[in-house]
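**Student:**
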Amino acid sequence: MKRFRKLLASSCFAIVVAFTAVAFLAAPASAHEKRHVGPYTFIVGFLTEPAYAQQSNSLDLTICNGDACTYTVTDGAKVVSNPVNDADKTLKVEVSAGSSAPLALPIVPRWANPGKYNAYFAPSVTGDYTFHIFGTLNNEKIDEKFTSSPTGFGSVGALKVYPAVQDKGNVDIAGLKDQVQSAQQAATTATGIGIAGAVLGVLGLGAAAFALTRKPRQETRMQQPEESLRG
């Protein structure tokens, strides 16, 4: 009886582990949109989630053959077992937000992750973003738009900023006026000092010239008594 209970417990544990592994391998990435596109399955979202404005991020694109992406574990990493390779050679990606013009992004395959692709950029504003993926896959036309939504991938949010940054539009007008007045007063003072220095310089030159003109006359007067004594 004890042996039967041990066998039953071991069997139940094995079943639970098996179901957990299947769920882990079959489930797509969280907060991503899964869509069937012709003979392929696309899974689209942000690489870093949640996504925040002013933070580097990327399109996280997975393309699989068939109506589902299946996964296997290789060297402890979860990888796609039915990937579509070389999609970066025939597909293009644009990202857009609000009324801004779309931005073309280069697609790059993710290293050691077949079927997965990135397109790096930094979202600058909060809100919904749209990834437009178009081109061909094995002569199959692709033209799909994926927009963030509550049922798809998440929108871009705002990070709390600390310490608070002063609004550049809130300019201290009174402070600027005081600075301008101080600068004007300093300039006026400097001008006055310059003028006074120039006047003193002119007066000094005049005094020197007067002294030079007076010196020979004094010498002449000093020589006159000697001449009178000689006579």
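Numbering (mature numbering (1 follows the signal peptide of the UniProt record, and there is no 0)), first residue to last: -31 to -1, 1 to 200. Don't be surprised by glycine CBs; every beta carbon is placed ideally from N, CA and C.
(1) Taking only three categories from DSSP, how would you classify Ala(-5)?
(2) Three or more C-beta pairs under 8 angstroms: does that hold for the stretch 109 to 122 against the stretch 77 to 90?
(3) In angstroms, rounded to a whole number, what distance separates the CA positions of Ala133 and Thr17?
(4) Alpha carbons only, please: which of Ala127, Ser93 and Ser27 is nearest the one belonging to Arg79?
(5) Comparing alpha-carbon positions, which option in Asn34, Thr59, Lys58 and Ser65 lies nearest Ser50?
(6) Are at least three pairs of beta-carbons, each pair with one atom in the stretch 38 to 45 and one in the stretch 57 to 71, less than 8 angstroms apart?
(7) To the nearest angstrom, how far is the alpha carbon of Phe(-8) from that of Phe15?
(8) Can you check which of these residues, Phe100, Lys47 and Ile111, is closest to Asn82 by C-alpha distance?
(9) For Glu113, which residues from the same chain have a beta carbon less than 8 angstroms from its beta carbon, with the 5 sequence-adjacent residues on both sides left out?
(10) Return the chain-ordered list of same chain residues with a C-beta closer than 8 angstroms to the C-beta of Thr105, the five sequence neighbours on each side being excluded.
(11) In this structure, does DSSP put Ala56 in helix, strand or coil?
**Tutor:** Looking at the atomic coordinates:
(1) With a pLDDT of 42 at Ala(-5), under the threshold of 50, the predicted position of this residue should be treated as unreliable, and no value is reported.
(2) no
(3) 25 angstroms
(4) Ser27
(5) Asn34
(6) no
(7) Note that Phe(-8) scores 39 on pLDDT, short of 50, meaning its location in the model is unreliable; the coordinates nonetheless yield the value given after this. Using only the alpha carbons, I get a separation of about 20 angstroms.
(8) Lys47
(9) Arg4, Val6, Phe11, His101, Ile102 and Phe103
(10) Thr59, Leu60 and Ile111
(11) Helix, per DSSP.
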